[in-house]
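Counting from 1, position 184 in the sequence shown corresponds to residue 375 in this note's numbering; the numbering is continuous, with no gaps.
For each residue, glycine too, the CB sits at the ideal point set by N, CA and C.
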Amino acid sequence: WLPSWARRPVAGLVRTLETTAERNRRLILAESAYAQRFVGVHPVVPNTTPVAPRTPSPQSGRAVYVGHLTEARGALDLIEVGRLVHTAGITVDVVGHAHQDVRGALEQAHAAGWIVWHGFVPNDVALGMLDGATAGLSLLHDEENYRVSMPTKVIEYMAHGIPVITTPLPLAAELVKANDCGVVVPFNDPQAAAAALVALNSDESRRLRWGANGHAAALDDWNWDHDSVAFVQQLQVWVAEANLSVVGVAEPDPQ
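Pasting the structure below:
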């Protein structure tokens, strides 16, 4: 998140850094969408997540969000979802560092008992909090950079075997619908997200089906245990090329 006055100069700085990096370094892109930002062709290794062979089954009573918290990332919507579902006995765990624009609202919602805001938690601990949740919430707003970004949050929820409740960003919606692992709700509509969560909370068979479907898809297609092999192989190719280049340089004649 950046204030409006800073976006243009920061965008220019980022563009300069990207151009400099491309001229002077070998690049591996974490998303195919980044390719359009560069002139040359660079290998893509998706920034996926490790997927355990087995995960706990999703239970009732607890939804979770893990990630950075801003208004554009749906922080205020998460609060409203928590307010709407807490009387139904559902806890909304919110895990992550909050930007100043939403920190006060999160603190007030936590004090009111609408959500449990854990603040910053180390990543391995935070991801462990996904296990067994009723659903993972991804209520991002319709922002241009979100439309083309890999839905990392959705993939993390799938990897931990929990159903997904997401807004209709193209890649996130496609992933959820194609794998039958959650539900898509409208942008800026916490009432719809809360209704979906309450319905899921009382439907064990659907929770289990969506959780299992998402986990199976992540295990096969969005697994860092697989993608890390491609990452290491690409580094090995570059090291071999560099070694050949060094060997090919003629040594000076000692005479």
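At least three beta-carbon pairs within less than 8 Å, the segment 309-322 to the segment 281-290: yes
Residue burial classification, Ala387 (beta-carbon count within 10 angstroms, cutoff 16): buried
Secondary structure of Asn379, DSSP reduced to three states: coil
Presumed contact (8 Å Cβ cut-off) between Gly405 and Val355, rounded CB distance: 6 Å
Thr239 (DSSP reduced to helix, strand or coil): coil
Contact the segment 261-272 vs the segment 289-308: 3+ CB pairs below 8 Å: yes
Boundaries (first-last residue) of the beta strand (DSSP E) holding Arg253: Arg253 to Val257
Status (buried if at least 16 other CB within 10 Å, exposed otherwise) for Asn414: buried
DSSP-derived helix/strand/coil call for Thr357: strand
Burial state of Arg253, where buried means 16 or more other Cβ atoms lie within 10 Å: buried
C-alpha distance - Ser329 paired with Asn215, whole-angstrom precision: 37 Å
Same chain, Cβ closer than 7 Å to Val345, five either side skipped, listed in chain order: Ser329, Val355, Thr357, Ala363, Leu366 and Val367
Same chain, Cβ closer than 7 Å to Val376, neighbours up to 5 away in sequence not counted: Ile356, Thr358, Ala383, Ala384 and Ala387
Segment limits, alpha helix (DSSP H) that includes Leu207: Before going further, note that residue 207 is Thr rather than Leu in the sequence given. Per DSSP, Thr207 belongs to the alpha helix (DSSP H) from Ser195 to Asn215.
Proximity below 7 Å, CB of Val255 to CB of Gly304: no
Rounded C-alpha distance that separates Tyr225 from Pro237: 11 Å
Element boundaries [beta strand (DSSP E), containing Gly327]: Ala326 to Ser329
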